[in-house]
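What follows is a short report on a single structure.
Number of protein chains: 2
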Amino acid sequence: MRDVAVIGVGMNRWGELWEKSHRDIWTEAALEALADAGVDRLDAMYVGCMSGGLFMGQEHLGALLADQLGMGPIPGTRVESACASGGLAFRHAYLAVASGEHDLVLATGLEKMTDVDGGAATYALSTAADQEYEGYHGITFPGLYAMMARVHMERYGTTRKQLAMVAVKNHLHGSMNPLAQFPGKVTAQQVMDSVLVADPIRILDCSPITDGAAAAVLAPVDLAKRLKKSPIVRVAASAAATDCIALHDRQDLAWLASTQRAAETAYGQARIGPSDLSFCEVHDCFTIAEVMVVEALGLMDKGQGGKGAESGFTALDGRIPVNPSGGLKSKGHPVGATGVAQVREAVLQLRGACGGRQVKNASRGLTQNMGGTGASTVIHIFERV
Amino acid sequence: MRDVAVIGVGMNRWGELWEKSHRDIWTEAALEALADAGVDRLDAMYVGCMSGGLFMGQEHLGALLADQLGMGPIPGTRVESACASGGLAFRHAYLAVASGEHDLVLATGLEKMTDVDGGAATYALSTAADQEYEGYHGITFPGLYAMMARVHMERYGTTRKQLAMVAVKNHLHGSMNPLAQFPGKVTAQQVMDSVLVADPIRILDCSPITDGAAAAVLAPVDLAKRLKKSPIVRVAASAAATDCIALHDRQDLAWLASTQRAAETAYGQARIGPSDLSFCEVHDCFTIAEVMVVEALGLMDKGQGGKGAESGFTALDGRIPVNPSGGLKSKGHPVGATGVAQVREAVLQLRGACGGRQVKNASRGLTQNMGGTGASTVIHIFERV
Chain E
1 MRDVAVIGVG
11 MNRWGELWEK
21 SHRDIWTEAA
31 LEALADAGVD
41 RLDAMYVGCM
51 SGGLFMGQEH
61 LGALLADQLG
71 MGPIPGTRVE
81 SACASGGLAF
91 RHAYLAVASG
101 EHDLVLATGL
111 EKMTDVDGGA
121 ATYALSTAAD
131 QEYEGYHGIT
141 FPGLYAMMAR
151 VHMERYGTTR
161 KQLAMVAVKN
171 HLHGSMNPLA
181 QFPGKVTAQQ
191 VMDSVLVADP
201 IRILDCSPIT
211 DGAAAAVLAP
221 VDLAKRLKKS
231 PIVRVAASAA
241 ATDCIALHDR
251 QDLAWLASTQ
261 RAAETAYGQA
271 RIGPSDLSFC
281 EVHDCFTIAE
291 VMVVEALGLM
301 DKGQGGKGAE
311 SGFTALDGRI
321 PVNPSGGLKS
331 KGHPVGATGV
341 AQVREAVLQL
351 RGACGGRQVK
361 NASRGLTQNM
371 GGTGASTVIH
381 IFERV
Chain S
1 MRDVAVIGVG
11 MNRWGELWEK
21 SHRDIWTEAA
31 LEALADAGVD
41 RLDAMYVGCM
51 SGGLFMGQEH
61 LGALLADQLG
71 MGPIPGTRVE
81 SACASGGLAF
91 RHAYLAVASG
101 EHDLVLATGL
111 EKMTDVDGGA
121 ATYALSTAAD
131 QEYEGYHGIT
141 FPGLYAMMAR
151 VHMERYGTTR
161 KQLAMVAVKN
171 HLHGSMNPLA
181 QFPGKVTAQQ
191 VMDSVLVADP
201 IRILDCSPIT
211 DGAAAAVLAP
221 VDLAKRLKKS
231 PIVRVAASAA
241 ATDCIALHDR
251 QDLAWLASTQ
261 RAAETAYGQA
271 RIGPSDLSFC
281 EVHDCFTIAE
291 VMVVEALGLM
301 DKGQGGKGAE
311 SGFTALDGRI
321 PVNPSGGLKS
331 KGHPVGATGV
341 AQVREAVLQL
351 RGACGGRQVK
361 NASRGLTQNM
371 GGTGASTVIH
381 IFERV
């Protein structure tokens, strides 16, 4: 397998973009990535999208978007793994380059979620869970994560305030991200006083419904060195894993086995451990998710994830900053786009191009993108070379 | 890249399977492929599915089905390219093995289409077209292919009876396929007298709405030789291409540019021409589609595709048999499964295991799987080694 670099990234301003179609949003991000890479041709493209059918009435996005970009007849492939669709699309773009099948490949993610009403969006999101055993009985995603949070709080003594501190930290980071959907800062008290969604999860514990896209251009490192000035950002690891989709089948409701498994594989590929990371972009779809992810990644001990944000360990100036971009919580969560936007943040951090939210001396970063309640996880590690 | 073989295939009996869930259907096919391969572990799996959201209210099928098979934590990836989803899933399973990323990979396809009513199914299928420029204005897939047929008939003199002969041939082949949804034979007169759907397309020109799944196990050829007796079936070529998604953007309504492009690439990889093929399995979603595909594959000259079935050129005992399985027309068309079922037929033909529908001296076969009106095409060539 060849060494692979990310040579360009792009993303539009995320939010409720009613005045733009899914094509417009995606094209903005894709063209920015191509311009950043300094290339005007591609050999293949991938798009991560969770539910084109339910959100937009449009499947066949690989072909449609290759056409939209004027890049036909290149192969266009849509990859889906619920909220991990973007990460898995990036992984397949990576494999396409690493294998030698293609040289210049565009990895993108897209979701246009606000053209349907809230009930339809909640239904569409529930198709990431086990519909026959979970969704059909009325449970929604805040409900599923609320059960995971309850177990974590009961077993490990994780507090309501510790969950709130994840939101406080990520909104603080997001306040320095000009593309974030909700860049406003929040206090722990505001989070704890916000509307209850599914006890103990409140509205300010939840990532939002978002329209958005993100894009990255991949190339072999050899080609990247000819095309780009240093620093070159290399993909040091790419791994994916699954877990039981329904919560009732899990051995442990308070443990993300797919994230642990993918992380083990990725650390092995990169020949590093979690303490070697300069920062992580992780899947904080709910505050409890980040608490559990930092444990599964080995950043904190099992059961101790609640202390991550509370102690400052995961703050921008902490030991290992988590979600310098603002995360899903502040930046927004257009589900299919999220995994690719994490890659964009990692690349910009490693280039030292993040302004106020720049992680000091960033040399190696990890992205963790997760589907459903953790039934799928995709992890990548990036390093400056 | 490593040489890759298909070491096991599976498929359930296709039809209106109201008594079975999508899990049941998929599992039948997957377990048959594993048993045929003689393996009980996998390193990764892929599933092609067009619209899990609209047909089944279930996305995240990669994780769900890896779990269903008891194969977690292996990576499970869903690939979508409308009706070419199965072929594209197979291609990514192939790339995963060829690249060295994984050794034993399951490629599957699935669609459960009959749990929604006819109107909802027609809407779901229309999401393979350009919804904003085609679907929202009321056009359906029979309507789109009817326009392509009109141009072909007007320009090349293709006759109504020539279209009917595609259905006659494929139902004759399908009458020898015990897993076909509609194994009954039809006459040209029956096709031409059947209910009009979108002039000139009649109901017996159309492939049906189907529940079904198909599966294949891939491995490096070196491993395959240790696991299986000869003949080993090798993947000699894998190629994908796209075209403009909306018909109004095409240069030629009567030409399938994505199929031509993918075929050119595939022939180059396999170092053969169309005349070297023993048989083809192609995407006859409508009779006119097969007419146009045999031209784009180079089996017949441009404009002469209508003569393929009429002259016997594409019959089971013809020069190059097309759709010995019965094709989408008779076997059924559970859209995400179709591309993988084509692979199954190719493998069984090359093993000489097709009974009454066996192609004599089959040594090399091509599968062509197409999305929408040809916005995407995936082609594979298989050979006995």
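Protein sequences, first through last, are from chains E and S.
Using the working numbering, the letters of the first sequence map in sequence onto residues 1 to 385.
Using the working numbering, the letters of the second sequence map in sequence onto residues 1 to 385.
The beta carbon of each residue, even a glycine, is placed where N, CA and C say it ideally should be.
Because the structure is a prediction, the values reported are computed rather than measured.
Check your understanding: Which residues in chain S sit within 7 angstroms of tyrosine 128 of chain E, going by Cβ to Cβ distance?
Key -> Numbered from its first residue, the first sequence carries residue 128 of chain E at position 128. Sequence check: residue 128 of chain E is alanine here, not tyrosine. The contacting residues are Glu59, His60.
Review point. Residues in its own chain within less than 6 angstroms of methionine 45 of chain E by CB, not counting five upstream and five downstream?
Key: As a first step, residue 45 of chain E is located in the first sequence; it is residue number 45 there, counting from the start. Here the set comprises Ala66, Gly76, Leu106.
Check your understanding: Quick one: does serine 51 of chain S have its CB under 9 angstroms from some CB of chain E?
Key -> Working through the second sequence from its first residue, we reach residue 51 of chain S at position 51. By this cut-off, serine 51 of chain S is an interface position.
Practice item. Could you check if serine 230 of chain S is buried or exposed, using at least 16 other CB atoms within 10 Å of its CB as the buried criterion? Key: Taking the first residue of the second sequence as 1, we reach residue 230 of chain S at position 230. Exposed is the call here.
Exercise for review: Measure how close the beta-carbons of leucine 61 of chain E and arginine 41 of chain E come, nearest whole angstrom, since I'm counting them as under 8 angstroms.
Suggested key: Position 61 of the first sequence, counted from the first residue, corresponds to residue 61 of chain E. Position 41 of the first sequence, counted from the first residue, corresponds to residue 41 of chain E. Going by Cβ atoms, the distance from leucine 61 of chain E to arginine 41 of chain E rounds to 21 angstroms, so no, they are not a contact pair.
Review point. What is the DSSP secondary structure of threonine 338 of chain S, reduced to helix, strand or coil?
Key: Position 338 of the second sequence, counted from the first residue, corresponds to residue 338 of chain S. Helix, per DSSP.
Check your understanding: Taking Cβ-Cβ distances below 7 angstroms as the criterion, which residues of the stretch 235-248 of chain E are in contact with chain S?
Key -> Cβ contacts with chain S: Ala240, Ala241, Thr242, Asp243, Cys244, Ile245.
**Study point:** Rounded distance between the beta-carbons of alanine 241 of chain S and arginine 261 of chain S, thought under 8 angstroms
**Key:** By 1-based counting over the second sequence, the position of residue 261 of chain S is 261. By 1-based counting over the second sequence, the position of residue 241 of chain S is 241. That belief holds up - the Cβ atoms of arginine 261 of chain S and alanine 241 of chain S are roughly 4 angstroms apart, short of 8 angstroms.
Review point. Going by other Cβ atoms of all chains shown within 10 Å of its Cβ, with 16 needed for buried, is aspartate 117 of chain S buried or exposed?
Key: For the purposes of this step, residue 117 of chain S is taken as the residue at position 117 of the second sequence. Within a 10 Å sphere around the beta-carbon of aspartate 117 of chain S sit fewer than 16 other beta-carbons, which makes this residue exposed.
Review point. DSSP on valine 294 of chain E, reduced to helix/strand/coil?
Key: Taking the first sequence and counting its residues from 1, one reaches residue 294 of chain E at position 294. Helix.
Point to revise | Neighbourhood of arginine 23 of chain S by C-beta distance below 7 angstroms, restricted to the same chain and skipping five residues each side | key: On the second sequence, residue 23 of chain S is found 23 positions in, with the first residue counted as 1. A distance below 7 angstroms between beta-carbons, with the five flanking residues on each side excluded, links arginine 23 of chain S to the following residues of its chain, in chain order: Gln68.
Review point. Mind checking if threonine 77 of chain E is an interface residue toward chain S, Cβ cutoff 9 angstroms exclusive?
Key: Numbered from 1 along the first sequence, position 77 holds the residue referred to as residue 77 of chain E. By this cut-off, threonine 77 of chain E is an interface position.
Practice item. Report buried or exposed for serine 275 of chain S, applying the criterion of at least 16 other Cβ atoms within 10 angstroms of its Cβ. Key: For the purposes of this step, residue 275 of chain S is taken as residue 275 along the second sequence, with counting starting at 1. Classification of serine 275 of chain S: exposed, given that the 10 Å Cβ count is below 16.
Exercise for review: Just grab the DSSP bridge partners of asparagine 369 of chain E for me.
Suggested key: For the purposes of this step, residue 369 of chain E is identified with residue 369 of the first sequence, where counting begins at 1. Looking at the DSSP assignment, asparagine 369 of chain E forms a beta bridge with E/Val378.
Practice item. Please decide whether glycine 143 of chain S counts as near chain E, where near means a Cβ-Cβ distance under 9 angstroms. Key: Counted from its first residue, the second sequence places residue 143 of chain S at position 143. False, the Cβ-Cβ gap to chain E never drops below 9 angstroms.
Review point. Using a C-beta cutoff of 9 angstroms, does tyrosine 123 of chain S count as contacting chain E?
Key: Here residue 123 of chain S corresponds to residue number 123 of the second sequence, with the count starting at 1. Yes - at least one Cβ of chain E is within 9 angstroms of the one on tyrosine 123 of chain S.
Check your understanding: Apart from the five residues on each side of it in sequence, which residues of its chain come closer than 6 angstroms, Cβ to Cβ, to glycine 372 of chain E?
Key -> The sequence position of residue 372 of chain E within the first sequence is 372, counting from 1. For glycine 372 of chain E, where only same-chain residues beyond five positions count, the Cβ hits under 6 angstroms are Ala82, Ala128, Ala129.
Review point. What is the rounded straight-line gap between the Cα of glutamate 111 of chain E and the Cα of threonine 122 of chain E?
Key: To locate residue 111 of chain E, count along the first sequence from 1; it is residue 111. To locate residue 122 of chain E, count along the first sequence from 1; it is residue 122. One C-alpha to the other measures close to 14 angstroms.
Check your understanding: Whole-angstrom Cβ separation of alanine 266 of chain E and alanine 237 of chain E, contact assumed at under 8 angstroms?
Key -> Taking the first sequence and counting its residues from 1, one reaches residue 266 of chain E at position 266. Taking the first sequence and counting its residues from 1, one reaches residue 237 of chain E at position 237. With 8 angstroms as the limit, alanine 266 of chain E and alanine 237 of chain E qualify as a contact, their Cβ atoms being about 4 angstroms apart.
Check your understanding: Are the stretch 142-157 of chain E and the stretch 325-335 of chain E touching, with three or more C-beta to C-beta distances below 8 angstroms?
Key -> With the rule of 3 Cβ pairs closer than 8 angstroms, the stretch 142-157 of chain E does not count as touching the stretch 325-335 of chain E.
Exercise for review: Return the chain-ordered list of same chain residues with a C-beta closer than 8 angstroms to the C-beta of valine 347 of chain E, the five sequence neighbours on each side being excluded.
Suggested key: Walking along the first sequence from the start, residue 347 of chain E turns up at place 347. Cβ neighbours of valine 347 of chain E beyond the five flanking positions: Val6, Val9, Ala216, Val233, Phe382.
Review point. Looking at the structure shown, is lysine 112 of chain E part of a helix, part of a strand, or coil, going by DSSP?
Key: Locating residue 112 of chain E in the first sequence gives position 112, where the first residue counts as 1. Strand, per DSSP.
Review point. Relative to the alpha-carbon of glutamate 295 of chain S, which residue among S/Trp255, S/Arg351, S/Cys280 has its alpha-carbon at the smallest distance?
Key: Stepping through the second sequence from its first residue, residue 295 of chain S is reached at position 295. Measuring C-alpha to C-alpha distances from glutamate 295 of chain S to each of S/Trp255, S/Arg351, S/Cys280 identifies S/Trp255 as the nearest.
Review point. Looking at the unbroken beta strand (DSSP E) that takes in tyrosine 46 of chain S, where does it start and where does it end?
Key: Against the second sequence, residue 46 of chain S aligns to sequence position 46. The continuous beta strand (DSSP E) containing tyrosine 46 of chain S extends over residues 44-48.
Review point. How is valine 385 of chain S classed by DSSP in three states: helix, strand or coil?
Key: Walking along the second sequence from the start, residue 385 of chain S turns up at place 385. Coil at valine 385 of chain S, not helix or strand.
**Study point:** C-beta contact flag for alanine 309 of chain E and serine 325 of chain E at 9 angstroms
**Key:** Position 309 of the first sequence, counted from the first residue, corresponds to residue 309 of chain E. Position 325 of the first sequence, counted from the first residue, corresponds to residue 325 of chain E. Result no, Cβ atoms of alanine 309 of chain E and serine 325 of chain E do not sit closer than 9 angstroms.
Review point. With 16 as the cutoff for other CB atoms within 10 Å, does valine 195 of chain E come out buried or exposed?
Key: Counted from its first residue, the first sequence places residue 195 of chain E at position 195. The Cβ neighbour count for valine 195 of chain E, taken over all protein chains shown within 10 Å, is under 16; the residue is labelled exposed.
Exercise for review: Can you tell me which of the three DSSP states valine 386 of chain S falls into?
Suggested key: Past the boundaries of the shown model lies residue 386 of chain S; chain S is included only from 1 to 385, so the question cannot be answered.
Point to revise | Which residues DSSP lists as bridging proline 220 of chain S, in chain order | key: Taking the first residue of the second sequence as 1, we reach residue 220 of chain S at position 220. Note: proline 220 of chain S is bridge-paired with S/Val4 in the DSSP secondary-structure output.
Point to revise | Other residues of its chain near arginine 13 of chain E: CB distance less than 7 angstroms, five sequence neighbours each side excluded | key: Position 13 of the first sequence holds residue 13 of chain E. Closer than 7 angstroms at the Cβ level, and outside the excluded window around arginine 13 of chain E, lie Leu179.
Review point. Less than 9 angstroms separating the beta-carbons of leucine 218 of chain S and alanine 96 of chain S?
Key: Taking the first residue of the second sequence as position 1, residue 218 of chain S is located at position 218. Taking the first residue of the second sequence as position 1, residue 96 of chain S is located at position 96. Inclusion of leucine 218 of chain S and alanine 96 of chain S in the CB contact set at 9 angstroms is warranted, their separation being smaller than that value.
Point to revise | Per-residue contacts from serine 258 of chain S into chain E (C-beta, under 7 angstroms) | key: Reading the second sequence from its first residue, position 258 is the one you call residue 258 of chain S. For a Cβ distance threshold of 7 angstroms, residue set Pro73 of chain E lies close to serine 258 of chain S, ordered along the chain.
Check your understanding: Quick one: does aspartate 67 of chain S have its CB under 9 angstroms from some CB of chain E?
Key -> Within the second sequence, residue 67 of chain S is the residue found at index 67, counting from 1. Closer than 9 angstroms to some Cβ of chain E, the Cβ of aspartate 67 of chain S qualifies, so yes.
Practice item. Compute the Euclidean distance between the alpha carbons of isoleucine 288 of chain S and methionine 148 of chain S, then round it to the nearest angstrom. Key: Against the second sequence, residue 288 of chain S aligns to sequence position 288. Against the second sequence, residue 148 of chain S aligns to sequence position 148. Going from the Cα of isoleucine 288 of chain S to the Cα of methionine 148 of chain S covers about 8 angstroms.
Exercise for review: May I have the straight-line CA-CA distance separating aspartate 103 of chain S from methionine 192 of chain S, to the nearest angstrom?
Suggested key: Counted from its first residue, the second sequence places residue 103 of chain S at position 103. Counted from its first residue, the second sequence places residue 192 of chain S at position 192. Taking the CA atoms as reference points, aspartate 103 of chain S sits about 49 angstroms from methionine 192 of chain S.
Practice item. Would you mind stating whether serine 258 of chain E and alanine 63 of chain S have Cβ atoms separated by less than 9 angstroms? Key: Locating residue 258 of chain E in the first sequence gives position 258, counting from the first residue. Locating residue 63 of chain S in the second sequence gives position 63, counting from the first residue. For serine 258 of chain E and alanine 63 of chain S, yes; Cβs fall inside 9 angstroms.
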